[in-house]
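So the structure is just underneath, and the comments pick up after that.
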Amino acid sequence: MSSAPVNREHEFALKVRRALDERAAALPAATTDRLAVARRAALARKKPEAATAPVFVPAFAGAAAYGTPPASRPQTSFARRLLRAWPLALLLAGLVGIAYWEDMQRTAELADIDAAMLSDDLPLNAYLDHGFNAYLSHAR
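All the letters of the sequence shown, read from the start, carry residue numbers 1 to 140 under the numbering used here.
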């Protein structure tokens with residue numbers, strides 16, 4: 001697989017960054033201060049992302065509606081019933097563990113993205129440039 005498009009995109013991004021850095025020095029101090037205040041206000045207003053949790057429904061939730069077992073079948077002991085439920089309990093514990101692990105992975109990925117955004121080298125003036133916003137919308 002060729003990486004030529006990736007290299008061209010990377011070179012273009014470096015050119016855009018270099019041009020934005022050059023133009024940033026020409027902006028008045030008042031504009032830079034207003035942008036810094038607006039960025040801090042936007043970060044303060046950002047609401048945390050609502051976390052979703054999986055909902056588990058018992059597999060045999062309506063099984064009792066069909067009545068009691070026939071009288072001709074012998075009653076099983078509590079220990080035997082517990083042994084029959086053991087694989088289901090292991091499966092349930094495994095599913096809960098997988099859901100927890102995936103949630104932790106997603107949280108870690110979101111934290112990495114947030115940290116990268118907040119510690120970005122991109123100057124504040126880049127957000128004023130309409131061409132840069134168009135580049136970001138096409139890059140997605």
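Backbone N, C-alpha and C fix where the C-beta goes; we use that ideal spot for every residue, glycine too.
- Taken in chain order, no unbroken stretch of beta strand (DSSP E) lies wholly in the stretch 45–119 with a span of 3 residues or more.
- Pairing residue 99 with residue 48 gives a Cβ-Cβ distance that is not under 8 Å.
- With contacts defined as CB atoms closer than 8 Å, residue 132 and residue 37 fail to qualify as a contacting pair.
- Distance check between residue 122 and each of 104, 7, 23 places 23 closest, using alpha-carbon atoms only.
- Shown here, residue 28 sits in coil according to DSSP, grouped into three states, outside any helix or strand.
- Restricting attention to 104, 18, 126, 96, the CA atom closest to the CA of residue 31 is found in 126.
- Annotated as distal: residue 27 and residue 129, with beta-carbon spacing of 8 Å or more.
- Apart from sequence neighbours up to five positions away, the residues of its chain that approach residue 92 with a beta-carbon distance below 8 Å are 56, ordered along the chain.
- Residue 121 sits in coil when the DSSP states are folded into three classes, being neither helix nor strand.
- Out of 51, 85, 18, 118, the CA that lies nearest to the CA of residue 105 is found in 51.
- The alpha-carbon separation between residue 14 and residue 89 amounts to approximately 54 Å.
- Look at residue 21 here: in three-state DSSP terms it is helix.
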